[in-house]
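Q: Going line by line, the protein sequences match chains A and B.
Numbering-wise (our numbering), the first sequence opens with residue -14 and increments by one.
Numbering-wise (our numbering), the second sequence opens with residue -9 and increments by one.
No residue lacks a Cβ here, since even glycine has one placed at the ideal position from N, Cα and C.
Quick one: the structure is below, and I'll ask about it shortly.
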Amino acid sequence: MNGEDLHYGILAEFDTPAATMAAAEKVRDQGYSRWDVHSPFPVHGMDEAMGLKNSQVGWFAFLGGAIGFFGGNLMIWYMNSFDYGLVVGGKPLYSAFSSFPVCYEMTILFAAFGSLFGMLILNRLPRLHHPLLKNRRFAQVTHDKFYVVIECDDPRYDQDDTHALLREAGSRHVELVRD
Amino acid sequence: MKESIGANDKGRLDLSGWAHWPDRIWQGGAALAALGLVAGWFSGGLMDAFAATYIVAFMFYLSLVLGSLFLVLIHHLFDSYWLVPLRRLLEHLSCQAGIMGLFFVPILGIVLFGSAYAWTQPEGQDHSWHVKSIMYNPVAFTIMSALLFGVWHWLANGLRRHSLAQDNTGAAAATHAMRRYAAGGIFVFAFTLTLGAFYWMKSLEHQWFSTMYGVYYFAGSVWVTLATVYVLTLVLRRTGHLAKVVSPSTFKDIGTLFFAFTVFYAYIAFSQYFLIWNANIPEETYWYVKRDQGLWHGVGLLLIFGHFFVPFLLMLRIDAKLSLTVMIPLGAWAWLMHYTDMSFNVIPAFDWSQAGWSVKLFGLLTAVGAMALMGGALARFLLRDLAAHPPYPQRDPRNAETLNVYVEPLSARSARSSEE
Chain A
-14 MNGEDLHYGI LAEFDTPAAT MAAAEKVRDQ GYSRWDVHSP FPVHGMDEAM
36 GLKNSQVGWF AFLGGAIGFF GGNLMIWYMN SFDYGLVVGG KPLYSAFSSF
86 PVCYEMTILF AAFGSLFGML ILNRLPRLHH PLLKNRRFAQ VTHDKFYVVI
136 ECDDPRYDQD DTHALLREAG SRHVELVRD
Chain B
-9 MKESIGANDK GRLDLSGWAH WPDRIWQGGA ALAALGLVAG WFSGGLMDAF
41 AATYIVAFMF YLSLVLGSLF LVLIHHLFDS YWLVPLRRLL EHLSCQAGIM
91 GLFFVPILGI VLFGSAYAWT QPEGQDHSWH VKSIMYNPVA FTIMSALLFG
141 VWHWLANGLR RHSLAQDNTG AAAATHAMRR YAAGGIFVFA FTLTLGAFYW
191 MKSLEHQWFS TMYGVYYFAG SVWVTLATVY VLTLVLRRTG HLAKVVSPST
241 FKDIGTLFFA FTVFYAYIAF SQYFLIWNAN IPEETYWYVK RDQGLWHGVG
291 LLLIFGHFFV PFLLMLRIDA KLSLTVMIPL GAWAWLMHYT DMSFNVIPAF
341 DWSQAGWSVK LFGLLTAVGA MALMGGALAR FLLRDLAAHP PYPQRDPRNA
391 ETLNVYVEPL SARSARSSEE
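In structure tokens, the structure reads:
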């Protein structure tokens, strides 16, 4: 077991969103892949500064929505028209119009399921513990500090180089996070 | 999605060679429309063709003016930063309400002297006419129409006046004044737009009931305005006017709102249809039954697929909102769809059973004429206003945020210096 195995990653603290954004751009341009930015509130433009691609959650939401819409139609057609025909207000047993409001709600419900579970799957959640939560300094992330964290697993990670990079990027506090 | 909006644009676009086109277009349109009016004077059938196509064109362009006014209003109400670079364009567009008032005169003439609006003819009317005649009579129509244009003119110009004043002074008071306009203005806007849609479009079939008709017109109006603004912003960025202040995220935001209104329009249009379909009351269903005859059945389907499904599915992906190959054709498509929507609302209200091919061909001519007349004139005055003033708010408090620049508040700076 070498020293790096005891560490989760390296953490750099910033005071403003602008400084964090500039640091994120530097880290991105160095080609790091296993790293993240943590902030007390969403920062506009951060995904671009981090070089993040469009999230794949949309596919889950779309799939969920499509299942909800067509599944809803199928359900209504089966129940009200096929299995037990029910005449309501002299309307056709099955009509795209009367079933639409329900299918529309089903679309939203299943799209929401899709995005929730898609997000959980893609983030490999739920997980019971994260090394950052042990770090006392990191608690400030819910208050007024911003953090760039680069994991030791990153192929480009080098304790000294990465430390220097984050210092150069303007962080006044850089520390190793224990795993 | 080959070509998409990047951070830097290729060469500057020079449109000065096209500057005289708006004049040519509106003059050509005016000639055609005048021809329509004169021909209509001698023949009832031709008058109907002129009136129908003129009202369609009028409601179409009114959509752009009111849609812009709405975007300016919500910009202030939500204190949004992303709309700041586009606000001047929207202000200029909304200030064309006066020009639209001028184009309203022929419609007033149709009401006072013509028969296109059935409620102007007292013979053979039913109970609904007697009840609604408080609202639908020439005097109320004239007064209310004048009032509506007056209110829009006052609201749009009030907002623009403070915005232009802020270019010089940079005063926060201007922002506060605009917010006050917007806070009251949004209510005034909702009522006046609804009245406009009722008086000028819905009252063609005054027997009909639909309380959501106003919001239906509103949804379509903001929808087509957003499509137009997207393309105009693209052009103004290429010409250099907005090059410094508009970023890909601006386009993403307009695109997102455009997408949202695609859904909102469909929601409203469906709800109107669905409630009437479900209740199945003849006083209401006749409106849709009429629009299920002949060609109009196909037009209705075109609206369902073209106004909703095509834009909805095309813009579903986030990157599609930045793709020029999607968004530019979609902008033109939105114009076509909104025009179709206005036609679907207006044209079947007239009795075309006696109309031959010549009348329909003549209608096509006046349709082109009315669209060219109003479009050309609006473009002309929009360009005049754009040339007369800075292309975007120069000293809006949100400018720095729009450009993604952090400016430390004065209070924070002085607090820090007292610490040191």
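Can you check whether the C-beta of P116 of chain A is within less than 8 Å of a C-beta belonging to chain B?
A: As a working mapping, residue 116 of chain A is identified with position 131 in the first sequence. No, its Cβ sits nowhere closer than 8 Å to a Cβ of chain B.
Q: Rounding to the nearest angstrom, what Cα-Cα distance links C88 of chain A and G99 of chain B in this structure?
A: Here residue 88 of chain A refers to the residue found at position 103 of the first sequence. Here residue 99 of chain B refers to the residue found at position 109 of the second sequence. Looking at the two C-alpha atoms, the distance is approximately 47 Å.
Q: Under 8 Å, with one C-beta from each stretch per pair, do the segment 343 to 356 of chain B and the segment 42 to 58 of chain B reach the 3-pair mark?
A: Cβ pair count under 8 Å is three or more, so yes.
Q: Beta carbon of F371 of chain B, beta carbon of I89 of chain B: below 8 Å?
A: Position 381 of the second sequence, counting from 1, holds the residue named residue 371 of chain B. Position 99 of the second sequence, counting from 1, holds the residue named residue 89 of chain B. Yes, the pair counts as a contact, with Cβ atoms nearer than the cut-off.
Q: Once you ignore the five residues that flank A167 of chain B on each side, which residues in its own chain have a CB closer than 6 Å to its CB?
A: In the second sequence, residue 167 of chain B corresponds to position 177, counting from 1. Only H152 meet the Cβ criterion.
Q: If we ignore side chains and look at the alpha-carbon of each, how far apart do A9 of chain B and M317 of chain B end up?
A: Locating residue 9 of chain B in the second sequence gives position 19, counting from the first residue. Locating residue 317 of chain B in the second sequence gives position 327, counting from the first residue. If you take the alpha carbons of A9 of chain B and M317 of chain B, they lie about 25 Å apart.
Q: Let me see if you follow: with CB-CB separation under 8 Å, is W267 of chain B close to chain A or not?
A: Taking the second sequence and counting its residues from 1, one reaches residue 267 of chain B at position 277. Yes, its Cβ sits closer than 8 Å to a Cβ of chain A.
Q: Measuring straight from C-alpha to C-alpha, what distance separates A106 of chain B and W31 of chain B?
A: As a position in the second sequence, residue 106 of chain B is number 116, starting the count at 1. As a position in the second sequence, residue 31 of chain B is number 41, starting the count at 1. Approximately 13 Å, taken between the alpha carbons.
Q: Which chain B residues are close to F85 of chain A, counting only those with a beta carbon under 9 Å from its beta carbon?
A: For the purposes of this step, residue 85 of chain A is identified with residue 100 of the first sequence, where counting begins at 1. Residues of chain B passing the Cβ test: F260, F264.
Q: Would you mind working out which of A:N58, A:V42, A:K76 sits nearest M177 of chain A, comparing C-alpha positions?
A: Since the displayed chain A opens at -14 and closes at 164, residue 177 of chain A lies outside it and no answer follows.
Q: Can you tell me which of the three DSSP states Y51 of chain B falls into?
A: Along the second sequence, one-based indexing puts residue 51 of chain B at 61. The answer is helix: DSSP assigns Y51 of chain B an H, G or I state.
Q: Using DSSP with H/G/I as helix, E/B as strand and the rest coil, what is E113 of chain B?
A: By 1-based counting over the second sequence, the position of residue 113 of chain B is 123. Correct three-state label for E113 of chain B: coil.
Q: Between the Cα of T182 of chain B and those of B:V205, B:C85, B:Q197, spot the shortest distance and give me the residue it belongs to.
A: Here residue 182 of chain B corresponds to residue number 192 of the second sequence, with the count starting at 1. Cα-wise, what sits closest to T182 of chain B is B:V205.
Q: Can you list, in chain order, the residues of its chain with a C-beta nearer than 7 Å to that of R141 of chain A? Leave out the 5 residues immediately preceding and following it.
A: The count along the first sequence starts at 1 and reaches residue 141 of chain A at position 156. Only Q15, G16, Y17 meet the Cβ criterion.
Q: Answer with buried or exposed for T240 of chain B, where buried requires no fewer than 16 other C-beta atoms within 10 angstroms of its C-beta.
A: Residue mapping note: residue 240 of chain B aligns to position 250 of the second sequence, counting from 1. It is buried - the Cβ of T240 of chain B has at least 16 other Cβ atoms within 10 Å.
Q: On a Cα-Cα basis, can you pick out the residue from B:Q197, B:F94, B:Y255 that is closest to Q115 of chain B?
A: The residue labelled residue 115 of chain B in the question sits at position 125 within the second sequence. Ranking B:Q197, B:F94, B:Y255 by Cα distance to Q115 of chain B puts B:Q197 first.
Q: If you count every other CB in all the chains shown that lies within 10 Å of the CB of Q111 of chain B, and 16 or more means buried, which is it?
A: The sequence position of residue 111 of chain B within the second sequence is 121, counting from 1. Q111 of chain B is exposed by the Cβ-count criterion.
Q: Since H297 of chain B contacts L154 of chain B with CB under 8 Å, what's their CB separation in whole angstroms?
A: For this step, residue 297 of chain B is matched to residue 307 along the second sequence. For this step, residue 154 of chain B is matched to residue 164 along the second sequence. In fact, because the Cβ distance is near 36 Å, the residues do not count as touching under 8 Å.
Q: Can you list, in chain order, the residues of its chain whose CB lies under 8 Å from that of F340 of chain B, leaving out five sequence neighbours each side?
A: Numbered from its first residue, the second sequence carries residue 340 of chain B at position 350. Answer for F340 of chain B: D38, A41, A42, A106, L194, listed in chain order.
Q: From what residue to what residue does the alpha helix (DSSP H) around L110 of chain A run?
A: On the first sequence, residue 110 of chain A is found 125 positions in, with the first residue counted as 1. That residue, L110 of chain A, is in no alpha helix (DSSP H); it is neither H nor E in DSSP.
Q: Determine, using beta carbons only, whether I308 of chain B comes closer than 8 Å to chain A.
A: Position 318 of the second sequence holds residue 308 of chain B. Interface residue, yes.
Q: Using a Cβ-Cβ distance under 8 Å, would N39 of chain A count as near chain B?
A: Residue mapping note: residue 39 of chain A aligns to position 54 of the first sequence, counting from 1. Closer than 8 Å to some Cβ of chain B, the Cβ of N39 of chain A qualifies, so yes.
Q: Comparing C-alpha positions only, which one of B:D243, B:S237, B:G26, B:W11 sits nearest to V349 of chain B?
A: As a first step, residue 349 of chain B is located in the second sequence; it is residue number 359 there, counting from the start. V349 of chain B has its Cα closest to that of B:G26, out of B:D243, B:S237, B:G26, B:W11.
Q: With a Cβ-Cβ cutoff of 8 Å, do G70 of chain A and L78 of chain A count as a contact?
A: Here the question's residue 70 of chain A lines up with position 85 in the first sequence. Here the question's residue 78 of chain A lines up with position 93 in the first sequence. The answer is yes: Cβ separation under 8 Å.
Q: For the segment 51 to 75 of chain A, which residues have a CB atom closer than 8 Å to at least one CB atom of chain B, in sequence order?
A: Here the close residues are G74, G75.
Q: Looking at chain B, is there any beta carbon in it that lies within less than 8 Å of the beta carbon of T1 of chain A?
A: Mapped onto the first sequence, residue 1 of chain A falls at position 16. T1 of chain A counts as touching chain B.
Q: Which runs of the alpha helix (DSSP H) fall wholly inside the segment 190 to 268 of chain B and span at least 4 residues, in chain order?
A: Counting whole runs of 4 or more residues, the segment 190 to 268 of chain B contains the alpha helix (DSSP H) stretches 203 to 228.
Q: Beta carbon of N270 of chain B, beta carbon of G74 of chain A: below 8 Å?
A: Residue mapping note: residue 270 of chain B aligns to position 280 of the second sequence, counting from 1. Residue mapping note: residue 74 of chain A aligns to position 89 of the first sequence, counting from 1. For N270 of chain B and G74 of chain A, yes; Cβs fall inside 8 Å.
Q: Pick helix, strand or coil for V72 of chain A, following the three-state DSSP scheme.
A: By one-based count along the first sequence, residue 72 of chain A stands at place 87. In the structure shown, V72 of chain A sits in coil (DSSP, three-state: anything other than H, G, I, E or B).
Q: Under 8 Å between beta-carbons, which chain B residues line up against G30 of chain A? List them in chain order, please.
A: Numbered from its first residue, the first sequence carries residue 30 of chain A at position 45. Chain B residues near G30 of chain A: S239, N394.
Q: Considering only the alpha carbon of each residue, which of B:T229, B:A187, B:T218, B:S84 lies closest to P319 of chain B?
A: Translated into positions along the second sequence, residue 319 of chain B becomes position 329. Selected option, being the one with the closest Cα: B:T218.
Q: Suppose contacts are defined by Cβ-Cβ distances below 8 Å. Is S53 of chain B in contact with L83 of chain B by that definition?
A: Residue 53 of chain B sits at position 63 when you count from the first residue of the second sequence. Residue 83 of chain B sits at position 93 when you count from the first residue of the second sequence. No. Outside cutoff.
Q: Just the C-alpha distance for E(-11) of chain A and P86 of chain A, rounded to the nearest angstrom, thanks.
A: Here residue -11 of chain A corresponds to residue number 4 of the first sequence, with the count starting at 1. Here residue 86 of chain A corresponds to residue number 101 of the first sequence, with the count starting at 1. Low per-residue confidence applies at E(-11) of chain A: pLDDT is 49, beneath 50, and the placement is therefore not dependable, though the value from the model is reported in the following sentence. Between E(-11) of chain A and P86 of chain A, the C-alpha separation is close to 57 Å.
Q: Could you have a look at A154 of chain A and say whether DSSP puts it in helix, strand or coil?
A: Along the first sequence, one-based indexing puts residue 154 of chain A at 169. In this structure, A154 of chain A counts as coil in the three-state DSSP scheme.
Q: Can you have a look at M64 of chain A and say buried or exposed, based on whether 16 or more other CB atoms are within 10 angstroms of its CB?
A: Numbered from its first residue, the first sequence carries residue 64 of chain A at position 79. Result: exposed.
Q: Please state if the CB of V253 of chain B and the CB of Y382 of chain B are separated by a distance shorter than 8 Å.
A: Looking up residue 382 of chain B in the second sequence gives position 392. Looking up residue 253 of chain B in the second sequence gives position 263. Contact: no.
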